[in-house]
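So the sequences go chain by chain: A and B. For the first sequence, the residue numbers in our numbering are 208 to 749. For the second sequence, the residue numbers in our numbering are 2 to 308. We treat Cβ as the ideally placed atom computed from N, Cα and C, and that holds for glycine. The structure appears right after this line, and notes come after that.
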Amino acid sequence: MRTATRFTGAVVAVVVLATATAACGGGAAGSGESGVVRASWGDPQHPLEPANTNEVQGGKVLDMIFRGLKRYDPRTGRAVNAVAESIETDDQQNFTVTLEKGWEFSDGTPVTAKSFVDAWNYGALVTNNQVNSYFFQYIEGYDDVHPAKEGAKPTARTMSGLTVKDDHTFTVKLGQKFSQWPETLGYNAYAPLPESFFTDREAWLRKPVGNGPYKVDSYTRGQSMKLSRNENYSGEDKARNEGVELKVYTDTNTAYTDLQAGNLDVADDIPASQLKNAERDLDGRYVNQPAGILQTLTFPLYRKEWQGEDARRIRQGLSMAIDRERITERIYHGTRIPATDLTSPVLGAEGGYTEGLCGRTCAYDPKRARRLIEEAGGLPGGSVTLTSNVDTGSHRQWLDAVCNSVNNALGDNDACKVRPVGTFADYRRDIAAKEMKGMFRAGWQMDYPLIQNFLQPLYYTDASSNDSGYSSEKFDGLVDRANAAEGPEAVETFREAQKVVLRDLPAIPLWYQNGTAGYSERVKGVRLNAFSVPVFTDIEVA
Amino acid sequence: MGRYVIRRLLQTVPVFIGTTFLIFVMVYALGDPVAGLFGDRAPDPGTAARLREEFGLDKPLWQQYLLYLGKIFTGDFGTAFNGRPVTELMATAFPATVRLMLIALVIEMVIGVLLGVVSGLRRGRGIDTSVLLLTLLVISVPTFVTGATLQFLLGVKWPLVNPAVSTRATFGELLLPGLVLALVSLAYIARLTRTSVAENARADYVRTAVAKGLPRHRVVTHHLLRNSLIPVITFLGTDIGSLMAGALVTERIFNIQGVGYHLYQGVLRQNSPTVVGFVTILVLVFLAANLLVDLLYAVLDPRIRYA
Numbered sequence: 208m209r210t211a212t213r214f215t216g217a218v219v220a221v222v223v224l225a226t227a228t229a230a231c232g233g234g235a236a237g238s239g240e241s242g243v244v245r246a247s248w249g250d251p252q253h254p255l256e257p258a259n260t261n262e263v264q265g266g267k268v269l270d271m272i273f274r275g276l277k278r279y280d281p282r283t284g285r286a287v288n289a290v291a292e293s294i295e296t297d298d299q300q301n302f303t304v305t306l307e308k309g310w311e312f313s314d315g316t317p318v319t320a321k322s323f324v325d326a327w328n329y330g331a332l333v334t335n336n337q338v339n340s341y342f343f344q345y346i347e348g349y350d351d352v353h354p355a356k357e358g359a360k361p362t363a364r365t366m367s368g369l370t371v372k373d374d375h376t377f378t379v380k381l382g383q384k385f386s387q388w389p390e391t392l393g394y395n396a397y398a399p400l401p402e403s404f405f406t407d408r409e410a411w412l413r414k415p416v417g418n419g420p421y422k423v424d425s426y427t428r429g430q431s432m433k434l435s436r437n438e439n440y441s442g443e444d445k446a447r448n449e450g451v452e453l454k455v456y457t458d459t460n461t462a463y464t465d466l467q468a469g470n471l472d473v474a475d476d477i478p479a480s481q482l483k484n485a486e487r488d489l490d491g492r493y494v495n496q497p498a499g500i501l502q503t504l505t506f507p508l509y510r511k512e513w514q515g516e517d518a519r520r521i522r523q524g525l526s527m528a529i530d531r532e533r534i535t536e537r538i539y540h541g542t543r544i545p546a547t548d549l550t551s552p553v554l555g556a557e558g559g560y561t562e563g564l565c566g567r568t569c570a571y572d573p574k575r576a577r578r579l580i581e582e583a584g585g586l587p588g589g590s591v592t593l594t595s596n597v598d599t600g601s602h603r604q605w606l607d608a609v610c611n612s613v614n615n616a617l618g619d620n621d622a623c624k625v626r627p628v629g630t631f632a633d634y635r636r637d638i639a640a641k642e643m644k645g646m647f648r649a650g651w652q653m654d655y656p657l658i659q660n661f662l663q664p665l666y667y668t669d670a671s672s673n674d675s676g677y678s679s680e681k682f683d684g685l686v687d688r689a690n691a692a693e694g695p696e697a698v699e700t701f702r703e704a705q706k707v708v709l710r711d712l713p714a715i716p717l718w719y720q721n722g723t724a725g726y727s728e729r730v731k732g733v734r735l736n737a738f739s740v741p742v743f744t745d746i747e748v749a
Numbered sequence: 002m003g004r005y006v007i008r009r010l011l012q013t014v015p016v017f018i019g020t021t022f023l024i025f026v027m028v029y030a031l032g033d034p035v036a037g038l039f040g041d042r043a044p045d046p047g048t049a050a051r052l053r054e055e056f057g058l059d060k061p062l063w064q065q066y067l068l069y070l071g072k073i074f075t076g077d078f079g080t081a082f083n084g085r086p087v088t089e090l091m092a093t094a095f096p097a098t099v100r101l102m103l104i105a106l107v108i109e110m111v112i113g114v115l116l117g118v119v120s121g122l123r124r125g126r127g128i129d130t131s132v133l134l135l136t137l138l139v140i141s142v143p144t145f146v147t148g149a150t151l152q153f154l155l156g157v158k159w160p161l162v163n164p165a166v167s168t169r170a171t172f173g174e175l176l177l178p179g180l181v182l183a184l185v186s187l188a189y190i191a192r193l194t195r196t197s198v199a200e201n202a203r204a205d206y207v208r209t210a211v212a213k214g215l216p217r218h219r220v221v222t223h224h225l226l227r228n229s230l231i232p233v234i235t236f237l238g239t240d241i242g243s244l245m246a247g248a249l250v251t252e253r254i255f256n257i258q259g260v261g262y263h264l265y266q267g268v269l270r271q272n273s274p275t276v277v278g279f280v281t282i283l284v285l286v287f288l289a290a291n292l293l294v295d296l297l298y299a300v301l302d303p304r305i306r307y308a
């Protein structure tokens, strides 16, 4: 019976183990430390430096541990002073920044003018490999520390436009007039850095130190981060909870399941497959809010067949052939809103968002679409391709839907063909190499809630993200004028500039993207800011 | 025997170089990873060039490969694009995956062989048919379905376990994921064992053993089972590798930061150092497991000799 006993033994062992885990697992759906919010997290793509973080996961942390000169009010999206006491200018080009006294980093060192100037110079210097360097491009001297040409050596280590006057004052000279520049300063890239960052960067990265409403207690890279309320925080938006525990999840679906099981308090980015049932599953504890992201279909205007008046009318026809309402409802369950201009609802009417500015061009009208395209001589080459990367964001589904919509409108099953690209990096490379032939997806996540950011980087001649190769003297002129103007006048001029783009239509607006989140019964006051990051300071734990 | 092992070990050298080179070429052929680091916007050329230089992407491919191989032998697997050394990732990923693999392996061996023997000895009877039907069911349902369903039922509906495994990934927590991971292989093992046992039950040596008057359990365990396990061992050997690399789906569902998860992340972000590094280790695991299996043959079947 020797072997038989061994078998039985093993079976018994497995059963016992199973019961044991079941037993101890039973109490595990616990409530966590009192007053601490448990939130889902993803492994940040870059090291956690302010000027090196351009995605939501890293942004989540920076938002908690840093405050720059300004911050964006999560309700209105407007920039309000944080560390800055005032930012003044007479000519929209030379700015004097005065800091509020009393701000400290969580290690006890004071936040001074030097903390900002050093951090900005660090972020701009090309040899520091910071992916957000371009945020500093408007400051005079940027070209010297960050030459545009590949492989060129920087000729200076600091930007000539930044001058420290005293502990709490510094001046900024921009390379051009840019009236809304102070409003850009709420973005994390402009955060101040403490002395310890420059003396021992490796140690700082292991446990970042900032001046925000939270401080980092412990950080296990790739796994979790524990933050607690910074009691010395000088800002107005003090944390309403004891702290936040961020847990890395391998998949948003897992985070969602853990939320349902009561092991998590806040899960942002609800997986697409769950959107349909999220509202019911979570008993209404579900947030679906506009974020500053716009999806468009861009055309390669660098190709001959997409230039000229006929091509413009074809683009207009294609735009009318897309049934945005139905696609956003069926595929995205209301987490995308059909776009009617080239900005985002998060700007608000005051900030330059204009509902319906696109007019008939963005309204679904298959008959008119067909007539316009036929009158303009039909699609170039008889058909058009639609391209996007398909590795993330459920892109494949809407690509098919858009093509179907176009085909139905034109009554031709071969009018629109989907040409998917496997990975995002490949897709970006094709775009950069100007190898696009038909329509291609261009997503734009705003850097700061300003109408300027939705227009200038995308449509200004030779701008950094002008992927279509669009160039219009009229548009450029209006943008220059808007940048030199003040307040409401600037916004109004940008709106005029947007009308030019919508007439020429180098890109057709598709939809505004929302941010989503779910939360547990333990917490209340969960909302997302315009960058789809949960506003952790406002969350209250029951 | 000793010479055989040495010969086999020498053979692994070209296999190792060949496979790593292929992986290297394939991962780098995916495209320019730096372009993906800038989000939905065009990278600025200055920073992109600097990053390429830092990760050695500006050199020709063969030179990159030689540099990489040279570094591996000093224990340096490079740095992932998020600034963490790949060896650090491995140190967290492999222990979790090995634990998961061991659990899966034990489950599939014990239950799989047991089911196989029982149904093989009672061929054509009710129990045999039910085992065949059950295994068919298990094989045809994809892992992500069983995984997500069990996770929802046992984690949310009747909260017996935590749906997500914590970062410690203890044996207890890994029991459910291990079971999910083992299910498909378990079904194959049951079927392999069943066929083999059914076939060998009529072999001469079994009849001899019975004729000698040996007790039935001794005939089954020492004569029948030992000879029937050769195909099963072959399967288990290759399965060790695929359980480690192929736990991708299971690891994502149950939040285990193991090898599969890091590979998935690496591919998605085109993080070539991570992918190549992890696969290199997996290649070594596969080679070792195969050698072990070949050596086990001789132990199980005295007719097999290695000169």
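When the options are compared against residue i, the one with the closest alpha-carbon
i, options, result
"glycine 429/A", "Lys72/B, Glu89/B, Phe78/B, Ile24/B", "Glu89/B"
"isoleucine 346/A", "Ala355/A, Ala359/A, Ala331/A, Val338/A", "Ala331/A"
"glutamate 240/A", "Ser435/A, Ala622/A, Gly676/A, Ile534/A", "Ser435/A"
"aspartate 280/A", "Pro741/A, Ala749/A, Lys308/A, Glu747/A", "Pro741/A"
"glutamine 502/A", "Asp488/A, Arg519/A, Thr535/A, Ala485/A", "Thr535/A"
"asparagine 620/A", "Val609/A, Pro627/A, Glu747/A", "Val609/A"
"valine 707/A", "Val730/A, Ser678/A, Glu693/A, Arg729/A", "Ser678/A"
"phenylalanine 738/A", "Ala258/A, Met653/A, Ala474/A", "Met653/A"
"asparagine 335/A", "Pro164/B, Leu176/B, Glu54/B", "Glu54/B"
"valine 166/B", "Tyr456/A, Ala359/A, Glu449/A", "Tyr456/A"
Beta-bridge pairing of residue i - partner residues as DSSP gives them
i, result
"tryptophan 718/A", "Gln502/A, Pro545/A"
"lysine 356/A", "According to DSSP, which records beta bridges pairwise, lysine 356/A is partnered with nothing at all."
"asparagine 288/A", "Lys277/A"
"glycine 725/A", "Ala474/A, Tyr493/A"
"glutamate 747/A", "Lys731/A"
"lysine 433/A", "Ser425/A, Glu452/A"
"glutamate 295/A", "Thr303/A"
"tryptophan 651/A", "Leu501/A"
"glutamate 311/A", "Pro317/A"
"leucine 593/A", "Val625/A, Met646/A"
Same chain only: Cβ atoms within 8 Å of residue i, ignoring 5 sequence neighbours per side
i, result
"isoleucine 658/A", "Thr550, Leu554, Gly558, Gly559, Tyr560, Val698, Phe701, Arg702, Gln705"
Cutoff 7 Å; reference residue i; Cβ partners in own chain excluding five residues on either side
i, result
"valine 220/B", "Val207, Ala210, Val211"
"valine 494/A", "Thr723, Ala724, Val733, Arg734, Leu735"
"aspartate 465/A", "Leu471"
"alanine 649/A", "Thr503, Thr505, Asp674, Ala714"
"glycine 232/A", "With a pLDDT of 39 at glycine 232/A, under the threshold of 50, the modelled position of that residue is not reliable, and the figure given next carries that caveat. Excluding sequence neighbours, glycine 232/A sits near nothing in its chain."
"leucine 176/B", "Ile104"
"glycine 237/A", "Note on glycine 237/A: pLDDT 46, under 50, position unreliable in the model; the coordinate value appears next. Closer than 7 Å at Cβ, skipping near neighbours: no residue."
Under the three-state DSSP convention, the category residue i falls into
i, result
"serine 311/B", "Residue numbering for chain B in the displayed model covers 2 to 308; residue 311/B lies beyond these limits and cannot be assessed."
"asparagine 660/A", "helix"
"cysteine 565/A", "coil"
"lysine 165/A", "What is shown of chain A runs 208 to 749, which leaves residue 165/A out entirely."
"aspartate 517/A", "helix"
"leucine 288/B", "helix"
"aspartate 633/A", "helix"
"tryptophan 327/A", "helix"
Proximal chain D residues relative to residue i, where beta-carbon distance stays under 8 Å
i, result
"alanine 43/B", "The question asks about chain D, but that chain is absent: this structure's protein chains are A and B."
Beta-carbon separation (whole angstroms), residue i vs residue j, contact threshold 8 Å
i, j, result
"proline 497/A", "methionine 643/A", "About 29 Å separates the two Cβ atoms, so there is no contact after all."
"alanine 97/B", "glutamine 258/B", "6 Å"
"glutamine 264/A", "leucine 38/B", "Between leucine 38/B and glutamine 264/A the Cβ distance is about 14 Å, and since that is not below 8 Å, they are no contact."
Close Cβ partners of residue i (< 6 Å) along its chain, the five nearest in sequence each way excluded
i, result
"glycine 261/B", "Ala248, Leu249, Glu252"
"aspartate 548/A", "Thr561, Leu564, Cys565"
"isoleucine 521/A", "Ile580, Ala583"
"isoleucine 24/B", "Val277, Val280"
Contact test: residue i Cβ vs the ligand NAD heavy atom, cutoff 7 Å
i, result
"serine 441/A", "Ligands are entirely absent from the displayed structure, and the ligand NAD is therefore not among its contents."
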